[in-house]
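*Asks:* Below are the structure tokens for one structure; questions will follow.
In full-length UniProt numbering, the protein residues as written are 1 to 764.
What follows is the structure, encoded as structure tokens:
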């Protein structure tokens with residue numbers, strides 16, 4: 001049932017007004033309104049419900065989707081289009097923020113018609129280059145921030161043009177001198193020059209502008225003498241020092257983890273866990289209640305264990321936070337239980353039912369019950385699976401618990417098992433079934449791994465195929481993985497981490513970076529001054545692996561073109577008999593090659609309907625065909641990042657008579673500007689009825705009758721001000737209509753592929 005619900009968190013202007021931290025709100029605290037809705041609930045229904053909840057007119061609110069930026073801030077990015085009214089909230093999540101499991105929204109409300117347009121309630125941020133920014137005012141007297149809502153600015157305007165608007169927001173006199181800052185990220189609060197335009201300062205939707213009165217020298221001196229904060233950057237610094245980071249691990253995180261311990265805290269790319277920044281004075285009871293609401297689990301059924309770093313460098317559970325600590329602050333708990341750690345790492349234990357109808361969790365006071373975690377290795381899938389935890393008594397033998405192992409993977413009881421303890425990365429020891437847990441030295445948080453015992457023939461089979469057959473082997477292979485940090489030479493790009501084999505070659509690393517950044521691998525250049533690789537075709541330099549960080553830059557496309565040694569790289573999407581059949585073909589050719597050479601490469605990788613068949617290559621932008629290439633054209637003129645399609649030219653087109661008409665077909669939803677899908681060429685045969693045209697269209701689209709019935713077909717003009725002319729009469733003869741070269745055949749329907757995972761077959 002829980003998977004059918006979508007968590008939606010909404011921040012309002014009222015919540016923003018009193019918020020004293022970074023961004024618009026702390027989404028892990030009470031600074032937002034949290035709702036759990038059906039994933040199938042449409043945006044229209046959701047909006048009506050929120051409108052009623054907040055008693056706001058329906059047409060005077062819109063919702064902005066917040067996204068996580070590369071600098072770890074979370075800001076409004078784009079409003080949910082009104083054209084999405086019939087889409088489900090889950091479809092919108094997948095479309096707009098596919099990497100987020102929940103939706104975070106800002107509710108924008110207005111009380112008057114937009115003065116610029118005179119028609120709509122909200123400014124058009126796309127056409128007029130209007131940017132929505134948020135305002136915070138710092139009051140040195142009160143030592144607080146005040147959120148003053150949002151403001152629309154134009155890119156071409158200067159910061160100083162809005163000084164009077166800021167003064168009015170706080171009822172300051174027109175001559176009050178101001179200092180204005182941008183809240184870039186927690187450790188970067190930049191003062192804004194009044195003479196610079198917002199475009200020059202790279203202001204974008206959701207940015208936060210903070211301002212304050214300029215203090216005199218005497219006022220600054222008084223604040224310093226009284227240990228008071230006198231400016232915005234210092235206030236932000238005080239906020240940073242008053243929070244503590246709490247990382248929470250769940251059974252779901254453990255289940256998916258493919259490494260040592262329960263998760264990987266040291267190298268974040270290996271584990272995505274819940275991470276919260278909370279005020280240090282937040283007490284344990286409040287923290288627990290907040291997570292209870294977030295996970296929808298009664299607080300009495302949750303228990304939080306502290307992770308510690310053992311002497312062997314592993315992170316394991318040590319002791320649960322006592323319920324008697326419910327009034328202690330999280331800072332006090334950290335200082336008392338893990339004084340050497342700067343943050344809190346917790347495991348969330350969840351109980352399904354009471355033990356003997358009395359208590360939710362086993363007592364661990366006298367070290368009788370130990371919490372142990374279980375992993376299963378499957379040599380067929382070459383994966384490790386976390387199977388949760390169970391409790392053992394120290395006086396019991398390991399063999400007393402093998403039924404737990406069999407049950408956890410639903411294995412037949414007659415299959416022999418091999419059982420190991422994961423002590424540390426280079427120490428995976430087989431366990432003796434006859435030994436007690438006390439003799440085995442088991443303690444809270446230890447990890448036991450098991451697999452089916454293999455016969456010699458199976459081991460030989462796995463070995464010959466180059467596959468891992470045992471748990472010790474699997475852990476040994478993990479030692480070959482490392483997380484490499486990549487940092488940009490210039491600020492245009494961003495930092496990221498990749499999990500790579502220590503045996504990776506330079507070309508393999510470049511390919512991995514290219515895939516991550518979605519750029520041509522030939523544009524990537526590493527700029528480290530010390531050697532990364534012993535040679536271009538060899539693996540990482542051992543000295544580099546001590547602290548693997550690579551500095552990179554992305555060469556300008558023109559620089560790449562000027563290098564005659566660098567080939568052109570293309571990803572071409574090959575369309576089959578229907579536009580649903582897609583294959584990706586990778587092609588590398590010298591820039592002096594011509595289109596016919598691309599076609600020759602394609603011909604070697606696909607099967608055509610006949611020896612006389614021909615191929616068309618065309619580029620697509622915004623889901624419309626922009627250009628069809630001639631075979632004699634140079635490929636050097638093609639942008640490598642343009643979307644290119646290739647298809648077999650249909651027999652209808654090859655043998656079209658002079659009165660037939662070839663027209664471009666494209667997809668849209670309601671508004672012809674809301675394009676989607678794959679465009680294609682189509683023949684309108686002379687004298688053919690609309691009924692027959694629809695039959696051929698359905699075949700080309702690869703749709704069944706139910707899918708095709710949802711499509712409305714229209715004649716669409718290239719010019720946006722002309723409305724689509726929908727075709728409703730099946731007896732109409734399209735060839736008799738006066739169609740110009742600026743007309744398209746438009747297919748108006750919902751993009752059914754938005755929330756579905758696409759599968760393509762790669763040929764390289």
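Just so it is clear, CB atoms sit at the ideal spot from N, CA and C, and this is done for glycine as well.
What does the alpha-carbon distance come out to for the pair residue 161 and residue 194?
*Replies:* Residue mapping note: residue 161 aligns to position 161 of the chain shown, counting from 1. Residue mapping note: residue 194 aligns to position 194 of the chain shown, counting from 1. C-alpha separation (whole angstroms): 8 Å.
*Asks:* So is residue 449 buried or exposed if we call it buried at 16+ other beta carbons inside 10 Å?
*Replies:* Position 449 of the chain shown, counted from the start, is the residue given in the question as residue 449. By the neighbour-count rule (16 or more Cβ atoms within 10 Å), residue 449 is buried.
*Asks:* Are the beta-carbon atoms of residue 149 and residue 16 separated by less than 9 Å?
*Replies:* If you number the chain shown from 1, residue 149 lands on position 149. If you number the chain shown from 1, residue 16 lands on position 16. Yes; because the gap between Cβ atoms is below 9 Å, this pair is in contact.
*Asks:* Given residue 1, which residues of its chain have a CB within under 7 Å of its CB, disregarding the five upstream and five downstream residues?
*Replies:* Here residue 1 refers to the residue found at position 1 when the chain shown is read from its first residue. Low local confidence applies: a pLDDT of 40 at residue 1 is under 50, so the model's placement there is unreliable, with the coordinate-based value given in what follows. Contacts found: none.
*Asks:* Can you say whether residue 108 is buried or exposed, counting buried as having 16 or more other CB atoms within 10 angstroms of its CB?
*Replies:* In the chain shown, residue 108 corresponds to position 108, counting from 1. Flag for residue 108 reads buried.
*Asks:* Just to check my reading of the structure: residue 690 and residue 701 have Cβ atoms closer than 8 Å, yes? What is that Cβ distance to the nearest angstrom?
*Replies:* Along the chain shown, read from residue 1 onward, the residue named residue 690 stands at position 690. Along the chain shown, read from residue 1 onward, the residue named residue 701 stands at position 701. Actually they do not touch by this definition, with Cβ atoms about 16 Å apart.
*Asks:* Quick one, which of 41, 79, 74, 68 has its alpha-carbon nearest residue 90's?
*Replies:* As a working note, residue 90 is residue 90 in the chain shown. Check the Cα spacing between residue 90 and each of 41, 79, 74, 68: the tightest is with 41.
*Asks:* Can you tell me where the alpha helix (DSSP H) with residue 33 in it begins and where it stops?
*Replies:* Stepping through the chain shown from its first residue, residue 33 is reached at position 33. Taken as a continuous stretch (DSSP letters only), residue 33 belongs to no alpha helix (DSSP H), being part of the beta strand (DSSP E) at 33-38.
*Asks:* In this structure, does DSSP put residue 15 in helix, strand or coil?
*Replies:* In the chain shown, residue 15 corresponds to position 15, counting from 1. Three-state result, residue 15: helix.
*Asks:* Between which two residues does the beta strand (DSSP E) carrying residue 64 extend?
*Replies:* Position 64 of the chain shown, counted from the start, is the residue given in the question as residue 64. Per DSSP, residue 64 belongs to the beta strand (DSSP E) from 61-68.
*Asks:* Can residue 315 and residue 345 be called in contact, C-beta distance under 9 Å?
*Replies:* Indexing the chain shown from 1 puts residue 315 at position 315. Indexing the chain shown from 1 puts residue 345 at position 345. Cβ distance < 9 Å, so residue 315 and residue 345 count as in contact.
*Asks:* Quick one: Cα of residue 312 to Cα of residue 250, how far?
*Replies:* Translated into positions along the chain shown, residue 312 becomes position 312. Translated into positions along the chain shown, residue 250 becomes position 250. So the alpha carbons of these two residues sit roughly 23 Å apart.
*Asks:* What does the alpha-carbon distance come out to for the pair residue 516 and residue 246?
*Replies:* Sequence index remark: in the chain shown, residue 516 carries index 516 (1-based). Sequence index remark: in the chain shown, residue 246 carries index 246 (1-based). In a straight line, the C-alpha of residue 516 is about 29 Å away from that of residue 246.
*Asks:* Please name the residue, chosen from 175, 653, 476, that lies closest to residue 813 on a Cα-to-Cα basis.
*Replies:* Missing from the structure shown is residue 813; the chain here goes from 1 to 764 and no further.
*Asks:* State the start and end residues of the unbroken beta strand (DSSP E) segment that holds residue 586.
*Replies:* In the chain shown, residue 586 corresponds to position 586, counting from 1. It spans 582-589 - the beta strand (DSSP E) in which residue 586 sits, taken as one unbroken run.
*Asks:* Identify whether residue 184 lies in helix, strand or coil by the three-state DSSP scheme.
*Replies:* Residue 184 sits at position 184 when you count from the first residue of the chain shown. The answer is strand: DSSP assigns residue 184 an E or B state.
*Asks:* Pull the bridge partners of residue 144 from the DSSP assignment, please.
*Replies:* Your numbering for residue 144 matches position 144 in the chain shown. Paired residue(s): 139.
*Asks:* Going by alpha carbons, who is nearest to residue 510 out of 495, 526, 501?
*Replies:* Here residue 510 corresponds to residue number 510 of the chain shown, with the count starting at 1. Selected option, being the one with the closest Cα: 526.
*Asks:* May I ask you to verify whether the region 640-657 touches the region 614-629, counting CB pairs closer than 8 Å and requiring at least 3?
*Replies:* Contact annotation: the region 640-657 touches the region 614-629, with at least three C-beta pairs closer than 8 Å.
*Asks:* Where do the ends of the beta strand (DSSP E) carrying residue 245 lie?
*Replies:* Start at 1 with the first residue of the chain shown, and residue 245 comes out as number 245. That run of the beta strand (DSSP E) goes 243-249.
*Asks:* Where residue 128 and residue 154 are concerned, what is the direct C-alpha to C-alpha distance, given to the nearest angstrom?
*Replies:* Locating residue 128 in the chain shown gives position 128, counting from the first residue. Locating residue 154 in the chain shown gives position 154, counting from the first residue. Any reading at residue 128 must be qualified, since the residue scores a pLDDT of 48, below 50, and its modelled position is unreliable; no value is offered.
*Asks:* Measure the C-alpha to C-alpha separation of residue 483 and residue 550 and round it to an integer number of angstroms.
*Replies:* Against the chain shown, residue 483 aligns to sequence position 483. Against the chain shown, residue 550 aligns to sequence position 550. If I take the Cα positions, the gap works out to 11 Å.
*Asks:* Report all residues from its chain with a CB closer than 7 Å to the CB of residue 435; omit the five preceding and five following residues, and keep chain order.
*Replies:* Counting from one through the chain shown, the residue named residue 435 turns up at place 435. Excluding positions up to five away in sequence, the list reads 397, 398.
*Asks:* Hey, out of 170, 71, 92, whose CA is closest to residue 44's CA?
*Replies:* Counting from one through the chain shown, the residue named residue 44 turns up at place 44. Among 170, 71, 92, the Cα nearest to that of residue 44 belongs to 92.
*Asks:* Assuming residue 438 and residue 394 form a contact by the criterion Cβ under 8 Å, report the distance between their Cβ atoms to the nearest whole angstrom.
*Replies:* One-based indexing of the chain shown puts residue 438 at position 438. One-based indexing of the chain shown puts residue 394 at position 394. Their Cβ separation, rounded to whole angstroms, is 4 Å, which keeps residue 438 and residue 394 in contact under 8 Å.
*Asks:* Can you round the beta-carbon distance between residue 471 and residue 319 to whole angstroms, since I take them to be within the 8 Å contact cut?
*Replies:* Taking the chain shown and counting its residues from 1, the one referred to as residue 471 is at position 471. Taking the chain shown and counting its residues from 1, the one referred to as residue 319 is at position 319. Their Cβ separation, rounded to whole angstroms, is 28 Å, which puts residue 471 and residue 319 out of contact at 8 Å.
*Asks:* Nearest to residue 111 by CA position, among 231, 58, 181, 167, is which residue?
*Replies:* One-based indexing of the chain shown puts residue 111 at position 111. That would be 58, whose Cα lies nearest to the Cα of residue 111.
*Asks:* Secondary structure at residue 259, three-state DSSP: helix, strand or coil?
*Replies:* In the chain shown, counting from the first residue as 1, residue 259 sits at position 259. Correct three-state label for residue 259: coil.
*Asks:* Which whole-angstrom value is the C-beta distance of residue 740 and residue 659, which I expect to be below 8 Å?
*Replies:* Position 740 of the chain shown holds residue 740. Position 659 of the chain shown holds residue 659. At roughly 16 Å, the Cβ-Cβ gap does not stay under 8 Å, so residue 740 and residue 659 are not in contact.
*Asks:* Give me the Cβ distance between residue 333 and residue 274, rounded to the nearest whole Å; I'm assuming they're in contact under 8 Å.
*Replies:* What you label residue 333 is simply residue 333 of the chain shown in a count that begins at 1. What you label residue 274 is simply residue 274 of the chain shown in a count that begins at 1. Their Cβ separation, rounded to whole angstroms, is 17 Å, which puts residue 333 and residue 274 out of contact at 8 Å.
*Asks:* Enumerated in chain order, which unbroken segments of the beta strand (DSSP E) with a length of 3 residues or greater are wholly contained in the region 322-401?
*Replies:* 344-350, 369-378, 383-393
*Asks:* Could you give the distance in angstroms between the alpha-carbon of residue 208 and the alpha-carbon of residue 241?
*Replies:* Looking up residue 208 in the chain shown gives position 208. Looking up residue 241 in the chain shown gives position 241. So the alpha carbons of these two residues sit roughly 21 Å apart.
*Asks:* From the DSSP output, in three-state form, read off residue 307 for me.
*Replies:* Your numbering for residue 307 matches position 307 in the chain shown. If DSSP states are grouped into helix, strand and coil, residue 307 belongs with the strands.
*Asks:* Indicate whether residue 36 and residue 8 have their beta-carbon atoms separated by less than 9 Å.
*Replies:* The residue you call residue 36 lines up with position 36 of the chain shown. The residue you call residue 8 lines up with position 8 of the chain shown. Closer than 9 Å, so yes.
*Asks:* Do residue 422 and residue 442 have their C-beta atoms closer together than 9 Å?
*Replies:* Position 422 of the chain shown, counting from 1, holds the residue named residue 422. Position 442 of the chain shown, counting from 1, holds the residue named residue 442. The answer is no: Cβ separation not under 9 Å.
*Asks:* In terms of residues, what are the limits of the alpha helix (DSSP H) holding residue 667?
*Replies:* Against the chain shown, residue 667 aligns to sequence position 667. In this chain, residue 667 is not harboured by any alpha helix (DSSP H); it is covered by the beta strand (DSSP E) spanning 661-669.
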